[in-house]
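Asker: Dumping the structure here so I can ask a few things about it.
Residue numbers (this note's numbering), protein chains in the order written: chain R, 2 to 600; chain E, 2 to 600.
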């Protein structure tokens, strides 16, 4: 399907927007009037620039407060429309969006609205222009999409149709199935936006919190399906007002919008995700040797060294970690042509600080997985195929972390190794703190590229701000990722952690407390006083060992944290009886102690 | 009155919070439980630290979901309370906040709630502790303050009273006059928060958007007056949940909170502002000589040079500008002991870039004005009194701009000067872009310290973000300030401007267009195409001259902008027939063009 986007959805000047939108692969744009007014180029040059870029101008918008007005105002409004028609001719745009009237001067009179819109359509026809009439969710009298359609139907002019906007429809809780009552050819335009489910004034919600389909809580694909069933054959066009997108890098937002439409098409065509990962193959840590001491203490053993790269394999139970000594070296740190076969630090690694640089995922079909990721505009990373090195497919996540799709062949590079029995059984989850402005992008990436589903979403108080956190997992709970956004002071806090599962955390804690007491994050006694107030059946040894505790309706969660090394720390977790969460209630305690050690 | 603040209102660890709160002059604190749980110190040490700092622990909070529950849960809740009583004894706190129950297990049964709260009060009494029961705005059954009071009244125990919170009362639109129905001694605690008037879920509103009294839209002082009328004699305590405050510098937020309570007391005691300014005496610009060319072009003439400082006086009509050649020099740029008699660049001036560093205000009583500012914790700037130099009283605004309170004596330092006739009549307004996190602080400063009142407040789209803008003015409209907050990309955009009033902008524009065409910000033709669509009676010469146009229900506004020099630009404005605004509709055009020149 043809794909468009409103210029208001991305940051920049109009020309910067057009260039980024074209580069992301869109077919057309909606020109938002404000972007035209502030542009020093005349409409003819904008038209030529768009044409050079291969972009059609699919819509000009918005035209406000037109219909159902007294006669003198109608005269002025038609005059105003005449000016806009001339601008559109110069621009080469032939579709004008007319929003339902919000003015107190508008009458609640459908016949009057229809008659005046018919008049507008007649004038538009003289210029070869068509009118798409849309019900704003906060329109004074017309705020339901079927009401707008009723008026369009009454007006009965070939140059008048309706525009459907998923936000205006779904934010009101209207059922989109009614779209099928509208002849497809009378749906002149279809605008798409998602949004988080917020209880707030719909105008503010619309102006600040819209996001791309797949980043919020609406069933946008379901709505599009109804429009297709009705026979709609026009573009899918993104129209997103979002405070973050306004500030973010133009090209990045445009690509993210295109990714959302491709993923939406996949959903529409019922494409199953070709290769949802089935587990963690490894997590790769880069940086100086300080991490090997931590891994030894945690019971990991070095089981192999890469044949040609300075990368070690460390194992325990089903958990595998790679230590990359070149993390901060320029060779593999560039993430460009020299990427190692196992993953290498990208620009996200800070100079020398230990960091989590790559995640390996067990994939039922690595080739299909990387092809799918590529279809969703994820940067595919270059590979080397030296002798004895496994070919590994990898893409870059939005924060620069490398995601590898693995079958078992990747282990060959490390030579033969036997199983390392131990207390740790596997990687439970990986948590990545996202850069500012990329939280929505990360969520869409993990949903669409990896096929994970969002679980809990919450806000955690930190001594210097709030941490926004969203957990995502595959249906079997074998691949769990937590993405965090830290709004803390002016720091770019980029802590990452690997959580390791075990079956007996008390035994591990006893051993660590005895042998490596400095490795564990100390937990305040005040925490345990409160824990005992909340639960009268908690093992008193947890206090002594510094193990944190949570429970949900299913089961219990016991966990502990190591201190932070560089940007990385480890968590050890024990889930019982199907506990689903991540101990969020305890996160503020962890954050406060980590900050205390950090400041 | 005794002044307290909840630890959740400021950022930092608990000890950092206590230190900053004490330094700001508070008498006591509410310890927010989360701050205790995450603190490595035992309650006894926290108590000692607070005592050393001269802070009482006026309240411990919150205790949730206690009342109107089934018998088995009551047992557990009393056990939980017992734990908290012991913590409070160790902490030396004797007042516990109990929030109305939000749990689905709570019954809508006032008698049950009263009986259980009475039981809690009896247990508390054994520890010398009192209970303050508060209606949360989103309480399941109890969400009105008079409902909470009814239950307290029914329970009838000396250790049980009510807690009033201005947010919970005013956010629901409840009339606070009912407070006078409560005996003052049964109001155990009074929590104060303001908030902008938002239409959103009250829980989210409360958790993220509260602010200090005088920074939002509630009549907090009116509510306090009712509590005092009822006989309340306890502390005024700030309890603010605010995402910005969580990230901002601890000490700064604590001082701002204290300022809000002092201003609130001033309002309560009916203190008239001692010296609302009556006009702009001058605006001082610092930096290299590039600005003198701009001023000459605008028709200003140099009328004096300071006797002892490298500062020039430029005049036209009633507008006076100071050019300080040492803006970037270390001597006067420090804003510390060497501040000049006329104002000098503070830390806010960037190296060498022309910047607006000071504003002089005509004050009916400069001594009283600076004393008032000092009482509101504004930093008073040091002065030198060299021979022939006027003594000038000045304070630092939140963004570092120096505010001078002037009588006419300040002109003496520049020697004799005659009037400079010209097209410019006076300074119309000054616009200052505030650093991130300091917007609320700036609003409270200009309200309380200068006695200005907020006018319009709006959001303006910028190519790389949104500009939040608030205009403030004295009742006569002689001192108008616009404070902006720019959320644009990652830049710290700090443009400032001085708007100059005139009576014939077309004449000025003609002259400038002819003599200094490069000085004017070019306005796109597309803007005028739209302007003509909106209004059919606009002078076509405006397009040719690049003059912008707006109108409100009173009159018209014509304005133009110079290009930006360093961080500064000038606006020339003409108001007719009582136009009250600032041409906000045209701000997006200006911002886009300024960015185009900047990038």
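Idealized CB from N, CA, C, for every residue including glycine.
Keep in mind it's a predicted model, so treat the numbers as computed, not measured.
Apart from the five residues on each side of it in sequence, which residues of its chain come closer than 7 Å, Cβ to Cβ, to residue 233 (chain E)?
Answerer: Stepping through the second chain from its first residue, residue 233 (chain E) is reached at position 232. Hits under 7 Å: 185, 188 and 191.
Asker: If you count every other CB in all the chains shown that lies within 10 Å of the CB of residue 318 (chain E), and 16 or more means buried, which is it?
Answerer: By 1-based counting over the second chain, the position of residue 318 (chain E) is 317. Buried, because 16 or more other Cβ atoms sit within 10 Å of the Cβ of residue 318 (chain E).
Asker: How many whole angstroms separate the CB atoms of residue 136 (chain E) and residue 143 (chain E), which I take to be in contact at a CB cut-off of 8 Å?
Answerer: As a first step, residue 136 (chain E) is located in the second chain; it is residue number 135 there, counting from the start. As a first step, residue 143 (chain E) is located in the second chain; it is residue number 142 there, counting from the start. Contact holds; Cβ gap of about 5 Å.
Asker: When you compare only the Cα positions, how much space is there between residue 426 (chain R) and residue 301 (chain R)?
Answerer: Translated into positions along the first chain, residue 426 (chain R) becomes position 425. Translated into positions along the first chain, residue 301 (chain R) becomes position 300. Each residue's alpha carbon lies about 11 Å from the other.
Asker: Rounded to whole angstroms, what's the CA-CA distance from residue 131 (chain R) to residue 96 (chain R)? Just pull it up for me.
Answerer: The count along the first chain starts at 1 and reaches residue 131 (chain R) at position 130. The count along the first chain starts at 1 and reaches residue 96 (chain R) at position 95. Going by the C-alpha atoms only, they are around 5 Å apart.
Asker: Cβ closer than 7 Å: which chain R residues qualify as neighbours of residue 73 (chain E)?
Answerer: Within the second chain, numbered from 1, the residue matching residue 73 (chain E) stands at position 72. Neighbours of residue 73 (chain E) on chain R: none; closest Cβ ~13 Å, over 7 Å.
Asker: With a threshold of 16 other CB atoms inside 10 Å of the CB of residue 73 (chain E), please say whether the residue is buried or exposed.
Answerer: Indexing the second chain from 1 puts residue 73 (chain E) at position 72. The residue in question, residue 73 (chain E), is exposed, as its Cβ has fewer than 16 Cβ neighbours within 10 Å.
Asker: Can you tell me whether residue 411 (chain E) is helix, strand or coil according to DSSP?
Answerer: Residue 411 (chain E) sits at position 410 when you count from the first residue of the second chain. Three-state result, residue 411 (chain E): helix.
Asker: Leaving out five residues before and five after residue 206 (chain R) in sequence, what residues of the same chain have Cβ atoms less than 8 Å from its Cβ?
Answerer: Position 205 of the first chain, counted from the start, is the residue given in the question as residue 206 (chain R). For residue 206 (chain R), where only same-chain residues beyond five positions count, the Cβ hits under 8 Å are 172, 196 and 199.
Asker: Can you confirm whether residue 40 (chain R), when its beta carbon is compared against all beta carbons of chain E, has any partner nearer than 8 Å?
Answerer: Taking the first residue of the first chain as position 1, residue 40 (chain R) is located at position 39. Closer than 8 Å to some Cβ of chain E, the Cβ of residue 40 (chain R) qualifies, so yes.
Asker: For the beta strand (DSSP E) holding residue 1 (chain E), just list the boundary residues, first then last.
Answerer: There is simply no residue 1 (chain E) to check, as chain E begins at 2 and stops at 600 in what is shown.
Asker: Using the beta-carbon of each residue, which ones in chain E are nearer than 8 Å to residue 43 (chain R)?
Answerer: The count along the first chain starts at 1 and reaches residue 43 (chain R) at position 42. Going along chain E in sequence order, the residues near residue 43 (chain R) (Cβ under 8 Å) are 526 and 527.
Asker: Looking at the C-beta of residue 81 (chain R), does it have a partner C-beta in chain E at a distance below 8 Å?
Answerer: For the purposes of this step, residue 81 (chain R) is taken as the residue at position 80 of the first chain. Chain E contact via Cβ: present.
Asker: Closer than 8 Å, CB to CB, is residue 465 (chain E) near chain R or not?
Answerer: For this step, residue 465 (chain E) is matched to residue 464 along the second chain. Cβ-Cβ to chain R under 8 Å: yes for residue 465 (chain E).
Asker: Quick one: any contact between the stretch 445-455 of chain E and the stretch 250-269 of chain E, if contact means 3 or more CB pairs under 8 Å?
Answerer: With the cut-off at 8 Å, the stretch 445-455 of chain E and the stretch 250-269 of chain E touch.
Asker: Would residue 35 (chain E) pass as an interface residue toward chain B - the criterion being a Cβ-Cβ separation below 8 Å?
Answerer: Although the question refers to chain B, the structure presented lacks it and instead comprises the protein chains R and E.
Asker: Just by C-beta distance, which residues in the stretch 3-30 of chain R are closer than 7 Å to chain E?
Answerer: Listed in sequence order: 12, 13 and 14.
Asker: Would you check if the stretch 62-80 of chain E and the stretch 553-563 of chain R touch, i.e. whether three or more CB-CB distances between them fall below 8 Å?
Answerer: The stretch 553-563 of chain R is not in contact with the stretch 62-80 of chain E.
Asker: Buried or exposed for residue 435 (chain E), going by 16 or more other Cβ atoms inside 10 Å?
Answerer: Translated into the one-based positions of the second chain, residue 435 (chain E) becomes position 434. Counting Cβ neighbours within 10 Å, residue 435 (chain E) comes out buried, since at least 16 surround it.
Asker: According to DSSP, is residue 594 (chain E) helix, strand or coil?
Answerer: If you number the second chain from 1, residue 594 (chain E) lands on position 593. In this structure, residue 594 (chain E) counts as helix in the three-state DSSP scheme.
Asker: Should residue 58 (chain E) go down as buried or exposed, given a rule of 16 or more other Cβ atoms within 10 Å for buried?
Answerer: Position 57 of the second chain holds residue 58 (chain E). Burial call: buried.
Asker: Enumerate, from N- to C-terminal direction, the unbroken alpha helix (DSSP H) stretches of 4 or more residues contained entirely within the stretch 161-219 of chain E.
Answerer: If we require 4 residues or more, the alpha helix (DSSP H) runs fully inside the stretch 161-219 of chain E come out as 167-171 and 203-210.
Asker: Just how far apart, CA to CA, sit residue 9 (chain E) and residue 87 (chain E)?
Answerer: Within the second chain, the letter at position 8 stands for residue 9 (chain E). Within the second chain, the letter at position 86 stands for residue 87 (chain E). One C-alpha to the other measures close to 22 Å.
Asker: Under the three-state reduction of DSSP, which class applies to residue 72 (chain E): helix, strand or coil?
Answerer: On the second chain, residue 72 (chain E) is found 71 positions in, with the first residue counted as 1. Residue 72 (chain E) falls in the helix class under three-state DSSP.
Asker: Is any beta-carbon of chain R found at less than 8 Å from that of residue 1 (chain E)?
Answerer: Residue 1 (chain E) falls outside the range modelled here, since chain E spans only 2 to 600, and no answer is possible.
Asker: Would you mind giving the Cβ-Cβ distance between residue 466 (chain E) and residue 248 (chain R), rounded to the nearest angstrom? I have them listed as a contact below 8 Å.
Answerer: Here residue 466 (chain E) refers to the residue found at position 465 when the second chain is read from its first residue. Here residue 248 (chain R) refers to the residue found at position 247 when the first chain is read from its first residue. Indeed they touch by this definition, with Cβ atoms about 4 Å apart.
Asker: Per DSSP, what are the beta-bridge partners of residue 551 (chain E) in this structure?
Answerer: Taking the second chain and counting its residues from 1, one reaches residue 551 (chain E) at position 550. Its beta-bridge partners are E:558.
Asker: Spatial neighbours of residue 479 (chain E) within its chain, please: CB distance less than 7 Å, with the 5 preceding and 5 following residues excluded, ordered by chain position.
Answerer: Locating residue 479 (chain E) in the second chain gives position 478, where the first residue counts as 1. Around residue 479 (chain E): 279 and 280.
Asker: Does the stretch 412-419 of chain R come into contact with the stretch 307-317 of chain R, if we say contact requires no fewer than three beta-carbon pairs (one atom in each stretch) closer than 8 Å?
Answerer: As far as the Cβ criterion goes, the stretch 412-419 of chain R touches the stretch 307-317 of chain R, which means the pair count is three or higher.
Asker: Note down, in chain order, each residue of its chain lying with its Cβ closer than 7 Å to the Cβ of residue 129 (chain R), except the 5 sequence neighbours on either side.
Answerer: To locate residue 129 (chain R), count along the first chain from 1; it is residue 128. Excluding sequence neighbours, residue 129 (chain R) sits near 95.
Asker: With 8 Å set as the bound, which would you pick, yes or no: does the beta-carbon of residue 523 (chain R) sit closer than that to a beta-carbon of chain E?
Answerer: In the first chain, the residue the question calls residue 523 (chain R) occupies position 522. Chain E, which has a Cβ nearer than 8 Å to the Cβ of residue 523 (chain R), makes this yes.
Asker: Hey, out of E:499, E:77, E:450 and E:439, whose CA is closest to residue 432 (chain E)'s CA?
Answerer: Taking the second chain and counting its residues from 1, one reaches residue 432 (chain E) at position 431. Cα-wise, what sits closest to residue 432 (chain E) is E:499.
Asker: Please report how far the alpha carbon of residue 286 (chain R) lies from the alpha carbon of residue 582 (chain R), in whole angstroms.
Answerer: Within the first chain, numbered from 1, the residue matching residue 286 (chain R) stands at position 285. Within the first chain, numbered from 1, the residue matching residue 582 (chain R) stands at position 581. Straight-line Cα distance between these residues: approximately 25 Å.
Asker: Determine the extent of the beta strand (DSSP E) in which residue 471 (chain R) is found, giving its start and end residues.
Answerer: Numbered from its first residue, the first chain carries residue 471 (chain R) at position 470. Per DSSP, residue 471 (chain R) belongs to the beta strand (DSSP E) from 466-474.
Asker: Once you ignore the five residues that flank residue 35 (chain E) on each side, which residues in its own chain have a CB closer than 8 Å to its CB?
Answerer: To locate residue 35 (chain E), count along the second chain from 1; it is residue 34. If we look at residue 35 (chain E) and ignore the five residues flanking it on each side, its Cβ neighbours are 9.
Asker: Considering only residues of the same chain and omitting the five flanking positions on each side of residue 316 (chain E), which have a CB-CB separation below 6 Å?
Answerer: Counted from its first residue, the second chain places residue 316 (chain E) at position 315. Counting only Cβ-Cβ distances below 6 Å, and skipping sequence neighbours, we find 304 and 421.
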